[in-house]
Amino acid sequence: MKTTLFTLISSLCCSNAMLFVPYVIKNWLPIKTEPKLEVQSYLGLWNQVATSRSSALLGTGVRFTNVTAFYDMLNNGDIGVYNSGFDQNNNYTSIQGYSYINGNSQTKRKLRFDGVPVDGNYWIVKLGPIKEQLYRYAIVAGPLTPWVATRFSLYVLARNRNEYKTYYETEVRQWCQDNNFRFFWNKYIATP
């Protein structure tokens, strides 16, 4: 009887552990980035249509409005970054810098802003379709490290706010939910 009970308990523990493994793999291992980036289709003007609370630590946060980013190609191959928006007191603010490849992946990038002492992580984790030679939306993660907390902050960029709301918002919100951008600090919050 003891052997049978032990076998039963062991089997249940192992089967439950095996059910838990896919959850751990999907939610706690580093998030995957897009395998490829058509850089010319990524350049130009973007509107931030959503972000997360945690973005306030290294970025604008949820209280900024009319946040835009303009990307252009620099002579050395890096991407120039020009961000602007209005803070909670409706004061215009802007910052500039550049994004560079970190390692072998064009979508695992680092971001350096003028006057900021550390470079941030800028991972392109999902790209929308290319229309009129431009990606229509992009989902960017701001990992704390390359190994842990890769879903720390969220930025959703779109070429056109109305087009995004009509055609892509539902898909993007679901993708964010499915990819563990659903906690208090990193969940999708629309940018006004």
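Taking the working numbering, I'd label the letters of the sequence shown as residues 890 to 1081. Heads up, the beta-carbon is just placed ideally off N, CA and C, and yes, glycines get one too.
Review point. Can you tell me whether TRP1036 is buried or exposed, with buried defined as 16 or more other CB within 10 angstroms of its CB?
Key: Translated into the one-based positions of the sequence shown, residue 1036 becomes position 147. Exposed, because fewer than 16 other Cβ atoms sit within 10 Å of the Cβ of TRP1036.
Point to revise | Boundaries (first-last residue) of the beta strand (DSSP E) holding VAL1007 | key: Residue numbering aside, residue 1007 sits at position 118 when the sequence shown is read from its first letter. Element bounds for VAL1007: n/a, residue is neither H nor E.
Point to revise | Residue range of the alpha helix (DSSP H) that includes GLN937 | key: Against the sequence shown, residue 937 aligns to sequence position 48. Counted as a single uninterrupted DSSP element, the stretch harbouring GLN937 is not any alpha helix (DSSP H) but the beta strand (DSSP E) occupying residues 933-940.
Practice item. Find out if the Cβ-Cβ distance for the pair THR949, VAL1045 is shorter than 9 Å. Key: The residue you call residue 949 lines up with position 60 of the sequence shown. The residue you call residue 1045 lines up with position 156 of the sequence shown. No, these two residues do not count as a Cβ contact at 9 Å.
Exercise for review: In the DSSP assignment, find the beta strand (DSSP E) that holds VAL956 and state where it starts and stops.
Suggested key: Start at 1 with the first residue of the sequence shown, and residue 956 comes out as number 67. Element bounds for VAL956: 954-962.
Practice item. Hey, could you find the ends of the beta strand (DSSP E) THR839 is sitting in? Key: With the chain running from 890 to 1081 in the structure shown, residue 839 is simply not present.
Review point. What number of angstroms, rounded off, separates the C-alpha of ARG1040 from the C-alpha of ASN972?
Key: As a working note, residue 1040 is residue 151 in the sequence shown. As a working note, residue 972 is residue 83 in the sequence shown. Looking at the two C-alpha atoms, the distance is approximately 21 Å.
**Study point:** Cross-strand partners of LEU1033 (DSSP beta bridge)
**Key:** Taking the first residue of the sequence shown as position 1, residue 1033 is located at position 144. As DSSP reads the structure, LEU1033 sits in no beta bridge.
Review point. Between LYS1054 and LYS921, what straight-line distance do the alpha-carbon atoms span, to the nearest angstrom?
Key: Position 165 of the sequence shown, counted from the start, is the residue given in the question as residue 1054. Position 32 of the sequence shown, counted from the start, is the residue given in the question as residue 921. Between the alpha carbons of LYS1054 and LYS921 lies a gap of roughly 25 Å.
Point to revise | Integer-rounded CB distance, given that TYR987 should sit under 8 Å from GLY1097 | key: The structure shown has nothing for residue 1097, since the chain only spans 890 to 1081.
Practice item. Mark GLU927 as exposed unless 16 or more other C-beta atoms lie within 10 angstroms of its C-beta, in which case mark it buried. Key: Translated into positions along the sequence shown, residue 927 becomes position 38. GLU927 counts as exposed, since fewer than 16 other C-beta atoms from the protein chains shown sit within 10 angstroms of its C-beta.
Exercise for review: To the nearest angstrom, report how far apart THR1059 and LYS999 are at their CA atoms.
Suggested key: The count along the sequence shown starts at 1 and reaches residue 1059 at position 170. The count along the sequence shown starts at 1 and reaches residue 999 at position 110. Those two C-alpha atoms are separated by around 29 Å.
**Study point:** Opposing strand residues paired with PHE975 [DSSP bridges]
**Key:** Position 86 of the sequence shown holds residue 975. THR954 and TYR981.
Exercise for review: Look at the alpha carbon of GLY1009 and the alpha carbon of ARG1001, and state the distance between them as a whole number of angstroms.
Suggested key: Locating residue 1009 in the sequence shown gives position 120, where the first residue counts as 1. Locating residue 1001 in the sequence shown gives position 112, where the first residue counts as 1. Their Cα atoms are separated by approximately 7 Å.
Review point. What residue does the alpha helix (DSSP H) around GLN1063 start on, and which one ends it?
Key: Here the question's residue 1063 lines up with position 174 in the sequence shown. Start and end: 1058-1067.
Point to revise | DSSP three-state assignment for ARG1050, whether helix, strand or coil | key: As a first step, residue 1050 must be located in the sequence shown, where it is residue number 161. Of the three classes helix, strand and coil, the one that applies to ARG1050 here is helix, per DSSP.
**Study point:** LEU918 in three-state terms, based on DSSP
**Key:** As a first step, residue 918 is located in the sequence shown; it is residue number 29 there, counting from the start. Residue state for LEU918 is assigned as coil, using DSSP reduced to three classes.
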